[in-house]
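In UniProt numbering, the protein residues as written are 1 to 394.
Here it is as structure tokens:
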């Protein structure tokens, strides 16, 4: 193949025709997910399209699996559909678009496998709790990705329309800190108290001072919570929830130790007891070089889209990072039209992901990923190139 050629134009035509025919159904599905219960909506839809569906997959209430197999042997393509919304602001990360992208990819690959008599399997996972719950990490631990040869998905974000970002994300971990003191009347007997709120404020100040030595590509941000607080009662309890990020898991672990010392110091200074608990570690996106090259080439040659080394998770973090360390994977971001200040995790983005333009951009990227996915199954030389470029090192 030359630099400006498309792998199997006949298959690309099948993929495009399939997704064009599904356009109105996928648009309706996206809007239903935007406002309704995603698990039932998506599993019913996939069953209606001839997929074998497992609801509540791997013991997870909102997870599911849909698969289609043709012929004997052949490789297995994995695809992910995220579904969860954010409290108060709905689908402000565009998971309704991620969901229909996954659906569109597997339906297009299914049609291509059938029409062009290629044996193989395509699996779509409905993955819950990406927004802080680490659903894919649980699914990895329970074997949800074991039978896949490669896995793909995509994610919307702001940016120059027609661009696709294939860079890394940041490794991520949540930390919960609880301080336990002793309450007292703030005016009558303040000396009797051990102030848990003071501990939280000192911890916050410690982290703020640490930021002076923080590398530009590291992040730390958190909030303070309490219960039954009143101005005239010195709090006997305070809780803090923090997120920390770094370019890799190794760097994150070092950064976590430094941040943890800030919390411990505050407890010692105030005399409070404390507990510190850590959430699941989400790794950075290890974008597979061979898959990235193929996708960017396909989208550019077919649709004039531009690949950029921008973050593959819109500058944030994702539990799909852990998937990319388990098997060859790709997680491109793609730009949709947004208003100024209306990027991911804002009310403005919730509105943007409902637009027709966002829908059209989603399907365009889905077409490119479908062809890449079909090639994983159909082209042995390409598949081994993908495997040879997979070098996980946590």
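Ideal Cβ positions, reconstructed from N, Cα and C, are used throughout, including at glycine.
Is the beta carbon of residue i sitting closer than 8 angstroms to the one on residue j?
{"i": "residue 266", "j": "residue 199", "result": "yes"}
{"i": "residue 206", "j": "residue 262", "result": "yes"}
{"i": "residue 41", "j": "residue 80", "result": "no"}
{"i": "residue 197", "j": "residue 259", "result": "no"}
{"i": "residue 124", "j": "residue 94", "result": "no"}
{"i": "residue 327", "j": "residue 214", "result": "no"}
{"i": "residue 97", "j": "residue 9", "result": "no"}
{"i": "residue 154", "j": "residue 334", "result": "yes"}
{"i": "residue 135", "j": "residue 22", "result": "no"}
{"i": "residue 352", "j": "residue 337", "result": "yes"}
Going by C-alpha to C-alpha distance, which of the options sits closest to residue i?
{"i": "residue 240", "options": "301, 250, 370, 203", "result": "203"}
{"i": "residue 152", "options": "383, 348, 387, 324", "result": "324"}
{"i": "residue 460", "options": "322, 351, 337, 12", "result": "Outside the shown range of the chain, which is 1 to 394, sits residue 460, and nothing can be said about it."}
{"i": "residue 72", "options": "63, 61, 113, 99", "result": "113"}
{"i": "residue 59", "options": "157, 138, 167", "result": "138"}
{"i": "residue 39", "options": "68, 15, 99", "result": "99"}
{"i": "residue 290", "options": "376, 269, 230", "result": "376"}
{"i": "residue 186", "options": "230, 378, 334", "result": "230"}
{"i": "residue 106", "options": "52, 143, 146", "result": "52"}
{"i": "residue 140", "options": "181, 78, 391, 388", "result": "78"}
{"i": "residue 167", "options": "316, 352, 340, 346", "result": "316"}
{"i": "residue 16", "options": "382, 362, 384", "result": "362"}
{"i": "residue 389", "options": "146, 329, 212, 340", "result": "329"}
{"i": "residue 277", "options": "350, 366, 257", "result": "257"}
Provide the residue(s) that pair with residue i in DSSP beta bridges, ordered along the chain.
{"i": "residue 225", "result": "239"}
{"i": "residue 262", "result": "In DSSP, residue 262 forms no bridge with anything."}
{"i": "residue 245", "result": "172, 219"}
{"i": "residue 82", "result": "127"}
{"i": "residue 67", "result": "52, 123"}
{"i": "residue 178", "result": "239, 275"}
{"i": "residue 151", "result": "78, 329"}
What separation, rounded to the nearest whole angstrom, lies between the Cα atoms of residue i and residue j?
{"i": "residue 273", "j": "residue 218", "result": "29 angstroms"}
{"i": "residue 83", "j": "residue 234", "result": "42 angstroms"}
{"i": "residue 393", "j": "residue 190", "result": "53 angstroms"}
{"i": "residue 299", "j": "residue 369", "result": "9 angstroms"}
{"i": "residue 179", "j": "residue 222", "result": "15 angstroms"}
{"i": "residue 7", "j": "residue 159", "result": "28 angstroms"}
{"i": "residue 110", "j": "residue 371", "result": "11 angstroms"}
{"i": "residue 293", "j": "residue 150", "result": "15 angstroms"}
{"i": "residue 30", "j": "residue 56", "result": "21 angstroms"}
{"i": "residue 54", "j": "residue 237", "result": "44 angstroms"}
{"i": "residue 89", "j": "residue 64", "result": "Here residue 89 scores only 48 on pLDDT, less than 50, and its place in the model should not be relied on; the value that follows carries that caveat. For residue 89 and residue 64, the distance between alpha carbons rounds to 24 angstroms."}
{"i": "residue 27", "j": "residue 354", "result": "9 angstroms"}
{"i": "residue 358", "j": "residue 296", "result": "19 angstroms"}
{"i": "residue 177", "j": "residue 62", "result": "28 angstroms"}
{"i": "residue 14", "j": "residue 5", "result": "17 angstroms"}
{"i": "residue 303", "j": "residue 66", "result": "29 angstroms"}
{"i": "residue 348", "j": "residue 318", "result": "21 angstroms"}
{"i": "residue 275", "j": "residue 142", "result": "29 angstroms"}
{"i": "residue 343", "j": "residue 268", "result": "40 angstroms"}
{"i": "residue 379", "j": "residue 309", "result": "26 angstroms"}
{"i": "residue 250", "j": "residue 320", "result": "17 angstroms"}
{"i": "residue 287", "j": "residue 225", "result": "37 angstroms"}
{"i": "residue 383", "j": "residue 70", "result": "19 angstroms"}
{"i": "residue 129", "j": "residue 307", "result": "28 angstroms"}
{"i": "residue 346", "j": "residue 133", "result": "19 angstroms"}
{"i": "residue 386", "j": "residue 76", "result": "14 angstroms"}
How about the segment 114–123 and the segment 30–49: do they share at least three Cβ pairs that are nearer than 8 angstroms? no
Taking contact to mean 3 or more Cβ pairs, one atom from each stretch, closer than 8 angstroms, check whether the segment 156–163 and the segment 277–288 are in contact. no
Assess, as a yes-or-no matter, whether the segment 238–258 is touched by the segment 168–188 under the definition of 3 or more beta carbon pairs within less than 8 angstroms. Segments in contact, yes.
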